[in-house]
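Residue numbers (our numbering), protein chains in the order written: chain X, 1 to 150; chain Z, 151 to 300; chain L, 301 to 450; chain G, 451 to 600. Below you'll find the structure, written out as structure tokens, and then a few comments.
4 protein chains.
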Amino acid sequence: MTSPEVASAHEASVDVEVRYAETDQMGVVHHRHHIVWFELARTHLCAATGTTYPEIEALGYFLMLSGVEVRYRAAVRYGEVARVTSRVVELTSRSLIFGYEIRVGERLCATGRTEHVWVRRADMKPVRIPEVLRPGFSRIAGDAAKPPLR
Amino acid sequence: MTSPEVASAHEASVDVEVRYAETDQMGVVHHRHHIVWFELARTHLCAATGTTYPEIEALGYFLMLSGVEVRYRAAVRYGEVARVTSRVVELTSRSLIFGYEIRVGERLCATGRTEHVWVRRADMKPVRIPEVLRPGFSRIAGDAAKPPLR
Amino acid sequence: MTSPEVASAHEASVDVEVRYAETDQMGVVHHRHHIVWFELARTHLCAATGTTYPEIEALGYFLMLSGVEVRYRAAVRYGEVARVTSRVVELTSRSLIFGYEIRVGERLCATGRTEHVWVRRADMKPVRIPEVLRPGFSRIAGDAAKPPLR
Amino acid sequence: MTSPEVASAHEASVDVEVRYAETDQMGVVHHRHHIVWFELARTHLCAATGTTYPEIEALGYFLMLSGVEVRYRAAVRYGEVARVTSRVVELTSRSLIFGYEIRVGERLCATGRTEHVWVRRADMKPVRIPEVLRPGFSRIAGDAAKPPLR
Numbered sequence: 001m002t003s004p005e006v007a008s009a010h011e012a013s014v015d016v017e018v019r020y021a022e023t024d025q026m027g028v029v030h031h032r033h034h035i036v037w038f039e040l041a042r043t044h045l046c047a048a049t050g051t052t053y054p055e056i057e058a059l060g061y062f063l064m065l066s067g068v069e070v071r072y073r074a075a076v077r078y079g080e081v082a083r084v085t086s087r088v089v090e091l092t093s094r095s096l097i098f099g100y101e102i103r104v105g106e107r108l109c110a111t112g113r114t115e116h117v118w119v120r121r122a123d124m125k126p127v128r129i130p131e132v133l134r135p136g137f138s139r140i141a142g143d144a145a146k147p148p149l150r
Numbered sequence: 151m152t153s154p155e156v157a158s159a160h161e162a163s164v165d166v167e168v169r170y171a172e173t174d175q176m177g178v179v180h181h182r183h184h185i186v187w188f189e190l191a192r193t194h195l196c197a198a199t200g201t202t203y204p205e206i207e208a209l210g211y212f213l214m215l216s217g218v219e220v221r222y223r224a225a226v227r228y229g230e231v232a233r234v235t236s237r238v239v240e241l242t243s244r245s246l247i248f249g250y251e252i253r254v255g256e257r258l259c260a261t262g263r264t265e266h267v268w269v270r271r272a273d274m275k276p277v278r279i280p281e282v283l284r285p286g287f288s289r290i291a292g293d294a295a296k297p298p299l300r
Numbered sequence: 301m302t303s304p305e306v307a308s309a310h311e312a313s314v315d316v317e318v319r320y321a322e323t324d325q326m327g328v329v330h331h332r333h334h335i336v337w338f339e340l341a342r343t344h345l346c347a348a349t350g351t352t353y354p355e356i357e358a359l360g361y362f363l364m365l366s367g368v369e370v371r372y373r374a375a376v377r378y379g380e381v382a383r384v385t386s387r388v389v390e391l392t393s394r395s396l397i398f399g400y401e402i403r404v405g406e407r408l409c410a411t412g413r414t415e416h417v418w419v420r421r422a423d424m425k426p427v428r429i430p431e432v433l434r435p436g437f438s439r440i441a442g443d444a445a446k447p448p449l450r
Numbered sequence: 451m452t453s454p455e456v457a458s459a460h461e462a463s464v465d466v467e468v469r470y471a472e473t474d475q476m477g478v479v480h481h482r483h484h485i486v487w488f489e490l491a492r493t494h495l496c497a498a499t500g501t502t503y504p505e506i507e508a509l510g511y512f513l514m515l516s517g518v519e520v521r522y523r524a525a526v527r528y529g530e531v532a533r534v535t536s537r538v539v540e541l542t543s544r545s546l547i548f549g550y551e552i553r554v555g556e557r558l559c560a561t562g563r564t565e566h567v568w569v570r571r572a573d574m575k576p577v578r579i580p581e582v583l584r585p586g587f588s589r590i591a592g593d594a595a596k597p598p599l600r
């Protein structure tokens, strides 16, 4: 039922070398940094739409974060490299949900999601996804795009 | 049905002066900092048990964070003071859920929750809440304490 | 030689409750946070000019940081409250140097300085201190103001 | 006068993709992050001694930071990749000074240095460089090693 086009949905992954500054006195990466790493993977995924996030801002829009959830499953430590993967979980005409995974080798360290709405930079008001960005985001969303976006 | 003791459940609030370093290029506080502010309010709430969090660590335990959720409702800006409030939402013999609110004046800026498990510092294994900490946490939890803790 | 006016130079101090998130796996506050604390004290000192830093930005200027030095003398730990003090060390028509001290009780933990230049927000070009800000900054600078500012 | 061995002093460079979370409301990377990037480059340089920094800690030592200086020359922005280079500037039996450069392409964005002393993890007391680490650090220091280390 899934068209070949739809099946080509993208994931983006980025390898993050843990920084000493990211540890806390428990001796592990402090939990706020996972959210920064999600953002880094999301930057890569946005670039896969054909428009980088700096370009989106230059067009006059923000993909403003409205919610975040993280489940921590295993510690990440200094000296390790974490692979952070992001994909679109839901795309509507006004909002976007990304899903994430953080792994060190085979070890699953965290999963999470972030919710976003499009806002116009000039007045910070919510808007529909700008027409120019729609094809690229629909493409990376694949099955996750709700009609009429898919 | 609620005993007077149970009704004495605590909340802890802390006023946070927004730091320039906490803003991002959207001109608002970056979303990771809300989680750090939650932690600050939680530190105050733990102190209300009669045992500060540094004392808990000195006893050989961590209240390890296993999950976080935040809903962002309005931006917080440099030059503002945010009031961060924390309370216990659920207390079992092995886990703890805290709820939070961030307000600037009357404006509700964010709500959230964090989930925690007790772990023994020596081997990072999950354990029951240490006996010595039980009365204090039961007291601040009030109705949120599940039997047999309440 | 010093006029009474000049002698009224201000210092600004702010008490910072150490955040768990500010520790690293050495078990002490990571050194980058001292610089954020300096900024917080500087915000208070700017307010003492009669114009808050958000107001300075609204006027169309930045006090852009061009250099920083910190000497770390003793560790600061979670559970402690650090007092951060800032004062003007040198004020010229185009630049400003602030000095800082961080203490926990009597213990001197760090000293430092930051150098700044005035820039116009519109084009990020260096400019002279805006006339409207001159009296306030001269006043907090006291002896540290170089002629013709003093 | 310089032996061929000495001439083989190392530099370590690391490419850092700017994170959105590293920007502030001036629209540029906030100055505290340069210090975190220095640390990342220093981690790579330590690895070039043959002993990684996590291994140094496991041996029971810290290379504790006692001072930092940064000169900011040009802004770094989200969407850019910064190359951070680190080398040893001075090595004595008890202390170590590293120098750094941050560039985006040809543009020099910042230079800096950090000073460190060896401390024993058990009691945080200053010590001489552990014998086992001496050859590796002397090698990466090259001419920067003071006798008798060179």
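Backbone N, C-alpha and C define an ideal beta-carbon position, used for all residues, glycine too. If you're wondering where the values come from, they're calculated on a predicted model, not measured in any experiment.
In the structure shown, His310 (chain L) falls within a coil segment according to DSSP collapsed to helix, strand and coil. Looking at the DSSP output, Phe188 (chain Z) shares a beta bridge with no other residue.
DSSP lists G:Arg570 as the beta-bridge partner residues of Tyr511 (chain G). Counting along the chain, the unbroken beta strand (DSSP E) around Arg403 (chain L) starts and ends at 395-404.
Collapsing the DSSP output to three states places Glu172 (chain Z) in a helix.
Comparing C-alpha distances from Ala12 (chain X) to each of X:Arg87, X:Val76, X:Thr92 shows the shortest one belongs to X:Arg87.
Proximity of chain X to Gly529 (chain G) at the Cβ level (cut-off 8 Å) is accounted for by Thr52, Tyr53, Pro54, in chain order. Listed by position along chain X, the residues whose Cβ is nearer than 9 Å to that of Thr493 (chain G) are Glu17, Arg19, Tyr20, Tyr78, Gly79. DSSP, reduced to helix, strand and coil, places Gly177 (chain Z) outside both helices and strands of the structure shown, so it counts as coil. In this model, Val18 (chain X) and Arg319 (chain L) are separated by some 21 Å (Cα to Cα). Between the alpha carbons of Val231 (chain Z) and Val84 (chain X) lies a gap of roughly 34 Å. For a cut-off of 8 Å, the C-beta gap from Leu599 (chain G) to Thr542 (chain G) is around 7 Å, short enough to register as a contact. In the DSSP annotation of this structure, the continuous segment of the alpha helix (DSSP H) that includes Arg289 (chain Z) starts and ends at 284-291. Contact check for His34 (chain X) against Tyr72 (chain X) passes: the beta carbons are separated by less than 9 Å.
Closest option to Trp268 (chain Z), judged by alpha-carbon separation, among Z:Arg257, Z:Glu256, Z:Glu281, Z:Thr173: Z:Glu281. If you draw a straight line from the Cα of His481 (chain G) to the Cα of Arg439 (chain L), it comes to about 27 Å. Exclusion of the five residues before and after Tyr100 (chain X) leaves Phe38, Ser86, Gly112 as the residues of its chain whose Cβ lies within less than 6 Å of its Cβ.
With 16 or more other CB atoms across the displayed protein chains lying within 10 angstroms of its CB, Asp474 (chain G) is buried.
Residue-level contact by beta carbon fails for Tyr61 (chain X) and chain Z, as no gap is shorter than 9 Å.
Contacts with chain G at 9 Å (Cβ-Cβ) do not include Leu133 (chain X). Residues of chain L whose Cβ lies closer than 9 Å to the Cβ of Glu189 (chain Z) are, in chain order, Arg319, Tyr320, Ala321.
Per DSSP, the beta-bridge partners of Ser86 (chain X) are X:Ala12, X:Tyr100. Using a Cβ distance threshold of 9 Å, Val29 (chain X) and Glu219 (chain Z) do not count as a contacting pair.
At a cut-off of 9 Å, the C-beta of Ser366 (chain L) has a neighbouring C-beta in chain G. The bridge partners DSSP lists for Pro576 (chain G) are G:Val569.
About 20 Å separates the CB atoms of His10 (chain X) and Leu65 (chain X); that is not less than 8 Å, and the two are not in contact. In terms of beta-carbon proximity, Val314 (chain L) lines the interface with chain Z, with at least one pair separated by less than 9 Å. Chain X places a beta carbon closer than 9 Å to that of Ala225 (chain Z), counting this residue as a contact. Its Cα nearest to that of Ala422 (chain L), the residue L:Phe362 stands out among L:Gly367, L:Val404, L:Ile402, L:Phe362. DSSP, read as helix, strand or coil, puts Glu431 (chain L) in helix. Scanning chain Z for C-beta atoms nearer than 8 Å to the C-beta of Ile102 (chain X) yields nothing, as the closest lies near 14 Å away. With a threshold of 9 Å between beta carbons, Gly549 (chain G) makes no contact with chain Z.
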